[in-house]
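Numbering (this note's numbering), first residue to last: 130 to 344.
C-beta: ideal position from N, C-alpha, C; glycine also.
Here the structure is a predicted model, which is why all the values come from computation and not from measurement.
Worksheet for the structure shown next.
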């Protein structure tokens, strides 16, 4: 069965009445993820990256132009000398020197709340649970399009580059960016590195005021 066609707006959780929407998300653990499904089935959601790679292969087989979506098929190994090109490995983020872009695949919290155990299935914790990225990536639901950093390249690296498992705030905008040929650029929005509730390793505040008046 062919995958359902998804518009850029609906993929971002937007509709024609939406302006800008923001979502908390976690940078997808693509290099260690167990989800390699091409279609969503009874076992769980599809991997959007594997889905795009299959669609590209299908398009090539029938002579269809897939160039608008070519950036969605990149493994992240193309321009990254620090990644071992093992078969089946997908790196994240993806550095696209050819297009001058960085793509960050993310999984929104709203799509990965987990579920309780039933007689037919085992319990899956929410993606914010520390055990999820270690043991439950087979059930991860990622955004169908990647996002890009909201800051400059210098800021991206000087502030600590975004890595798999990082917490980010994604901003999705109704109006898609247009390419040089006027076609929509298939990007899910922009991301900022943030902290969620419970992320700080706080130490007890000193009993003596560390900022006395006049200093």
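When burial is assigned at 16 or more other CB atoms within 10 Å of the CB, is residue i buried or exposed?
i	result
residue 161	exposed
residue 286	exposed
residue 226	exposed
residue 296	buried
residue 306	exposed
residue 133	Any reading at residue 133 must be qualified, since the residue scores a pLDDT of 46, below 50, and its modelled position is unreliable; the value itself is stated next. Residue 133 is exposed by the Cβ-count criterion.
Less than 8 Å between the CB atoms is what I'm expecting for residue i and residue j, so what's the real figure, rounded?
i	j	result
residue 244	residue 252	7 Å
residue 299	residue 276	5 Å
residue 221	residue 156	6 Å
residue 209	residue 224	6 Å
residue 201	residue 181	4 Å
residue 163	residue 169	Contact doesn't hold; Cβ gap of about 15 Å is too wide.
residue 238	residue 153	5 Å
residue 219	residue 178	6 Å
residue 197	residue 315	7 Å
Kindly identify the DSSP beta-bridge partner or partners of residue i.
i	result
residue 315	In the DSSP output, where bridge partners are listed per residue, residue 315 has none listed.
residue 168	According to DSSP, residue 168 bridges with nothing at all.
residue 296	155
For residue i, which three-state DSSP category applies?
i	result
residue 237	strand
residue 182	helix
residue 245	coil
residue 204	coil
residue 177	helix
residue 193	coil
residue 199	helix
residue 321	strand
residue 301	strand
Answer yes if the stretch 315–332 comes into contact with the stretch 277–291, meaning at least three C-beta pairs across the two stretches below 8 Å, and no otherwise. Yes: at least three Cβ pairs fall under 8 Å.
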